[in-house]
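According to the numbering used here, the sequence shown is numbered sequentially starting from 47. Heads up, the thing below is written out as C-alpha cells.
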Amino acid sequence: MYYFRGQAAGLLEEVRMQKELVPQHPLGMVFVTLQSEAMATYILKDFNALDCGNGDSAVRCGCGREPQPSSCSGTLKVRNWRVDYAPHPRNVYWDNLSVQGFRWWVRCLLLNFFLFFLLTFLTTPSIIISTMDKFNVTKPIYYLNSAVVSQFFPTLLLWSFSALLPTIVYYSTLGECHWNRSREQLIMMHKLYIFLLFMVLILPSLGLTSLAVFFRWLFDKEFLADGKLRFECVFLPDQGAFFVNYVITAGLVGSGMELLRLPGLLLYTIRMALARSAAERKYVKQNQAYEFEYGAMYGWTLCVFTVIMAYSITCPVIVPFGLLYLMLKHLVDKHNLYFAYLPARLDRQVHLGAVNQALAAPIICLIWLYFFSVLRTGFMADTSLFTLVVLCVTVCICISYTCFGHFKYLSPHNYKVWCSCGVRVVFVWCSCGVRVVFVWC
47 MYYFRGQAAG LLEEVRMQKE LVPQHPLGMV FVTLQSEAMA TYILKDFNAL DCGNGDSAVR
107 CGCGREPQPS SCSGTLKVRN WRVDYAPHPR NVYWDNLSVQ GFRWWVRCLL LNFFLFFLLT
167 FLTTPSIIIS TMDKFNVTKP IYYLNSAVVS QFFPTLLLWS FSALLPTIVY YSTLGECHWN
227 RSREQLIMMH KLYIFLLFMV LILPSLGLTS LAVFFRWLFD KEFLADGKLR FECVFLPDQG
287 AFFVNYVITA GLVGSGMELL RLPGLLLYTI RMALARSAAE RKYVKQNQAY EFEYGAMYGW
347 TLCVFTVIMA YSITCPVIVP FGLLYLMLKH LVDKHNLYFA YLPARLDRQV HLGAVNQALA
407 APIICLIWLY FFSVLRTGFM ADTSLFTLVV LCVTVCICIS YTCFGHFKYL SPHNYKVWCS
467 CGVRVVFVWC SCGVRVVFVW C
C-alpha cells in the first residue's frame with residue numbers, strides 16, 4: 047500500500063506541474079459543444095465558403111453568404127479559419143497534438159528516409175534466405191528428398207519473413223505521431239501494401255532480390271544488356287507454382303497464427319511476469335485486449351488478394367486456393383473482431399481507402415497478362431494490342447474513380463452518420479493566425 051500511495055502522490059504532483067506548464071505552451075485548441083448537428087453543419091458551410099474575385103466584387107461561394115461578422119473578427123482573423131469534421135475523441139492521439147508544423151514534417155521525413163534506405167537493401171526475404179544458404183542452414187531440408195517439404199519450406203520462409211519485415215513499417219508509422227488513429231491506419235495501410243507488393247509479388251516475379259537490384263535493372267544499361275535473357279523465364283505457368291504455395295501457406299498457417307495471436311500472448315505473459323502485486327495482475331488481465339489494427343490487416347490482405355489476381359489468368363490453379371484463403375481470412379477476422387479485439391473508432395475513409403486500394407489488383411493482373419502476351423507473341427500481336435487497350439481503359443476508369451470522383455454513384459458503400467449525442471466543434475489555431483475547426487459526435 048505504501049508503494050502505491052507513493053506512486054499516486056508522485057503522479058498527482060506531476061499532474062499539478064503539468065497544469066502549471068500547459069498555459070505557457072498552448073496548442074491553440076478550444077472545444078465548443080453545440081446542441082445539434084445542423085448547427086455544426088451551418089458553421090462548417092460558413093467557414094468553408096470560397097472567395098471568387100477580388101476587392102469589393104468578391105463573391106463568397108459554397109454557402110452563398112458572408113460569414114457572420116463580429117467585433118473580434120478582425121483580431122482573430124476569422125477569414126483565415128479552416129473548418130473540418132473531427133474524429134471521435136477516442137480516435138485522437140492527444141499526446142501527439144503537440145507535435146505539429148515543422149517538427150512533424152522533419153520527424154516524418156527522417157523516419158521515411160531511414161525506412162526507404164533500409165528496405166532498399168533488405169526488401170525481400172530472398173536476400174535473407176540466400177544469406178542463410180551460405181551457412182548451409184537450408185541444405186538439410188533438400189536432403190530429405192521430400193517434395194512436400196522442399197516445395198513448401200521456401201514459401202514458409204517467405205511468409206515468415208514477410209510477416210516479420212513489415213513490423214519495421216508498422217512501428218515507423220507509429221513514430222510519425224499522427225493526430226488521429228484513422229489517418230495513422232490509412233497511411234500504414236498504403237505503406238504496408240506498397241512494401242509487401244514489392245517484397246512478395248513484383249521483385250520475386252522478376253527474379254530480383256531487392257530494390258537496389260531493381261533500380262540497377264531500371265537504370266544500368268550494362269546490367270540490362272547482361273540480363274536480357276532473364277525474362278525468358280518470367281511469367282511462365284511454373285512461376286505461379288511458387289505463389290500458389292505462398293497463398294496456401296498464408297491461408298492455412300497465417301489463419302492459424304492469427305487465431306493463436308502469439309505476439310499478444312507473449313506480451314501478456316511478459317506483463318504478467320513483471321506485475322508486482324495482485325492489483326497489477328488484475329489490471330493486466332482486465333486490459334489485455336487491444337483494438338483491431340485495420341491498417342496492417344488491410345495491407346496484408348490486399349497484398350495476398352493482389353497476388354491471387356495477378357496470377358489468376360496465367361496460372362488459374364491459384365484461384366481455388368485464393369478463394370480458400372479469403373474464406374478462412376473472413377472467418378478468422380470475424381471471430382477476432384467479435385471475441386478478441388476491442389472496437390475501433392475509425393472514420394469511414396479507412397475502409398473506403400482499402401476499397402480504392404483494391405483497384406490496383408485488376409490493373410496488376412492486366413499488366414502481368416500484357417507482359418505474358420508480349421513475351422510470347424510479340425508487341426504487335428492482336429492479343430497484345432487488345433490487352434493493352436483494355437489495360438489503358440481500366441487505368442483511366444480507376445484514376446477517374448479514385449482521383450476525380452467519377453462513377454461514385456455505382457459504389458455500393460453508402461454510409462449514414464447516426465449521432466445520439468451533441469455535436470462538438472473544436473477551434474484550433476496556430477501562432478501564424480490560421481484557425482482550424484473540427485466537429486465530432
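Where is the CB? At the ideal position from N, CA and C, for every residue including glycine.
Drop a sphere of 10 angstroms on the beta-carbon of E222, count the other beta-carbons inside from all chains shown, and report buried for 16 or more, exposed for fewer.
It is buried - the Cβ of E222 has at least 16 other Cβ atoms within 10 Å.
Beta carbon of N402 nearer than 9 angstroms to that of T448
Yes, the Cβ-Cβ distance between N402 and T448 is below 9 angstroms.
Determine whether the beta carbon atoms of V378 and L305 lie at a separation below 9 angstroms.
The answer is yes: Cβ separation under 9 angstroms.
Per DSSP, what kind of secondary structure is M355 in: helix, strand or coil?
M355 falls in the helix class under three-state DSSP.
According to DSSP, L388 sits in a beta bridge with which residue or residues?
Answer is E337, bridged to L388.
By DSSP's criteria, V138 is part of a beta bridge. Which residues make up the other side?
According to DSSP, which records beta bridges pairwise, V138 is partnered with N226.
W414 to I233, Cα distance in whole Å?
Straight-line spacing of the CA atoms in W414 and I233 works out to 27 angstroms.
Taking its Cβ as the centre, do 16 or more other Cβ atoms sit within 10 Å of A84, making it buried, or is it exposed?
A84 should be labelled exposed.
Quick check: the stretch 329-349 against the stretch 306-318, are at least 3 beta-carbon pairs closer than 8 angstroms?
The way I'd put it, the stretch 306-318 does touch the stretch 329-349; three or more beta-carbon pairs between them come closer than 8 angstroms.
Selected residue, minimal CA-CA separation from M488, among A86, A296, E59, T433
Outside the displayed range of the chain (47 to 487) lies residue 488, so it cannot be described from this structure.
Residue of F93, L421, T347, L405 minimising C-alpha distance to L372:
The residue among F93, L421, T347, L405 with its C-alpha nearest the C-alpha of L372 is T347.
Could you tell me the distance, in whole angstroms, from the CA atom of N226 to the CA atom of C118?
Rounded to whole angstroms, N226 to C118 spans 31 angstroms at the Cα level.
Report yes if the C-beta distance between G368 and I354 is below 9 angstroms; otherwise report no.
For the pair G368 and I354, the CB atoms are nearer than the 9 angstroms cut-off.
Pick helix, strand or coil for C98, following the three-state DSSP scheme.
In this prediction, C98 has a pLDDT of 46, which is less than 50 and means its spatial position is unreliable; what the coordinates show is noted afterwards. In this structure, C98 counts as strand in the three-state DSSP scheme.
Short check: CB of V420 to CB of V363, under 9 angstroms?
Pairing V420 with V363 gives a Cβ-Cβ distance that is not under 9 angstroms.
So, for S218: in the same chain, excluding its five sequence neighbours on each side, which residues have a beta-carbon less than 6 angstroms away from its beta-carbon?
L157, L161, listed in sequence order.
Using a Cβ-Cβ cutoff of less than 7 angstroms, which residues in the same chain neighbour W151 once the five nearest sequence positions on both sides are dropped?
Excluding residues within five positions, none has a Cβ falling inside 7 angstroms.
Three-state secondary structure (DSSP) of P133:
Note: P133 maps to coil in three-state DSSP.
Is it true that the CB of L247 sits closer than 9 angstroms to the CB of A356?
The answer is yes: Cβ separation under 9 angstroms.
Who are the near neighbours of R327 in its chain, counting only those whose CB is closer than 7 angstroms to its CB and skipping five residues on each side?
Excluding residues up to 5 positions away in sequence, M318, A321 lie with their Cβ nearer than 7 angstroms to the Cβ of R327 in the same chain.
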